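K.L.:
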Amino acid sequence: MAVLVPRVLIIEARFYENLSKMLLEGCVNFLNNKDVKWDSVVTPGVLEIPAAISMAMNATAYQVYNGIIVLGIVMRGETSHCDIIAQAVTRGLIDISIKDSLPIGNGIVVVDNEKQALDRVSSACLNRGGCAARSVLTMIELKGFFNNRFHDNTR
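In UniProt numbering, the protein residues as written are 1 to 155.
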């Protein structure tokens, strides 16, 4: 049986450009160390990510990417806008993942301030970009297990 070399799409929100680049760096380093093929696109903000996933999947007829990694920062301000964005995007990601059986690595970081964001995006600290990459690869592997297990007529 041939070993699947996954191809993933990274969708990166660049509202907080420097922090987002750090998330991307951690993600790409992890993928490159695993010899995973990847493409990336940029959205203006986190709220646009679910729509970008839908556009990508429709344009490629679900044939190009084995999974999606989403990266971005949602930082609390003086209003409840942060909570609304975080909840809406999370719901959108879950809905797409379940409806389409699409592995998604969620690297969207929701924080109260820039220090919390730096701790989470830095490759030297929590490296949430690398965590999102690891997560999507694990889910791609799990999907492959189920596909092989239940489509293999020799069992």
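For glycine and all other residues, C-beta sits at the position ideal for the given N, C-alpha and C.
None of these values were measured; they are calculated from a predicted model.
Identify the continuous alpha helix (DSSP H) that holds residue 26 and give its terminal residues.
P.N.:
In the sequence shown, counting from the first residue as 1, residue 26 sits at position 26. Per DSSP, residue 26 belongs to the alpha helix (DSSP H) from 17–33.
K.L.:
Indicate the three-state DSSP secondary structure (helix, strand or coil) for residue 132 in the structure shown.
P.N.:
Position 132 of the sequence shown, counted from the first residue, corresponds to residue 132. Residue 132: helix per DSSP, three-state reduction.
K.L.:
Per DSSP, which residues does residue 37 bridge with? Please list them.
P.N.:
Counting from 1 along the sequence shown, the entry for residue 37 is found at position 37. Its beta-bridge partners are 7.
K.L.:
Residue 67 and residue 10 look like a contact to me (Cβ under 8 Å); what is the Cβ gap, rounded to whole Å?
P.N.:
By one-based count along the sequence shown, residue 67 stands at place 67. By one-based count along the sequence shown, residue 10 stands at place 10. Contact doesn't hold; Cβ gap of about 10 Å is too wide.
K.L.:
Nearest CA to the CA of residue 136: which residue from 97, 121, 120?
P.N.:
Counted from its first residue, the sequence shown places residue 136 at position 136. With distances taken between Cα atoms, residue 136 lies closest to 97.
K.L.:
Can you tell me whether residue 88 is buried or exposed? The criterion is at least 16 other CB atoms within 10 Å of its CB, across all chains shown.
P.N.:
Position 88 of the sequence shown, counted from the start, is the residue given in the question as residue 88. Its Cβ having fewer than 16 others within 10 Å, residue 88 is exposed.
K.L.:
Using the beta-carbon count (16 or more within 10 Å), is residue 12 buried or exposed?
P.N.:
In the sequence shown, the residue the question calls residue 12 occupies position 12. With 16 or more other Cβ atoms within 10 Å, it is buried.
K.L.:
Buried or exposed for residue 125, going by 16 or more other Cβ atoms inside 10 Å?
P.N.:
The sequence position of residue 125 within the sequence shown is 125, counting from 1. Counting Cβ neighbours within 10 Å, residue 125 comes out exposed, since fewer than 16 surround it.
K.L.:
Could you check the C-alpha separation between residue 15 and residue 85 for me, to the nearest Å?
P.N.:
Sequence index remark: in the sequence shown, residue 15 carries index 15 (1-based). Sequence index remark: in the sequence shown, residue 85 carries index 85 (1-based). In a straight line, the C-alpha of residue 15 is about 13 Å away from that of residue 85.
K.L.:
Using the C-alpha atoms, what's the distance from residue 144 back to residue 122?
P.N.:
What you label residue 122 is simply residue 122 of the sequence shown in a count that begins at 1. What you label residue 144 is simply residue 144 of the sequence shown in a count that begins at 1. Spanning the two alpha carbons is a distance of roughly 31 Å.
K.L.:
Which residues share a DSSP beta bridge with residue 45?
P.N.:
Numbered from its first residue, the sequence shown carries residue 45 at position 45. Paired residues: none, contrary to the question.
K.L.:
Quick check: the Cα distance between residue 99 and residue 37, rounded to an integer number of angstroms?
P.N.:
As a position in the sequence shown, residue 99 is number 99, starting the count at 1. As a position in the sequence shown, residue 37 is number 37, starting the count at 1. Cα-Cα distance, rounded: 24 Å.
K.L.:
So which of 133, 91, 92 has the shortest CA-CA distance to residue 107?
P.N.:
Sequence index remark: in the sequence shown, residue 107 carries index 107 (1-based). The option with the nearest alpha carbon to residue 107 is 133.
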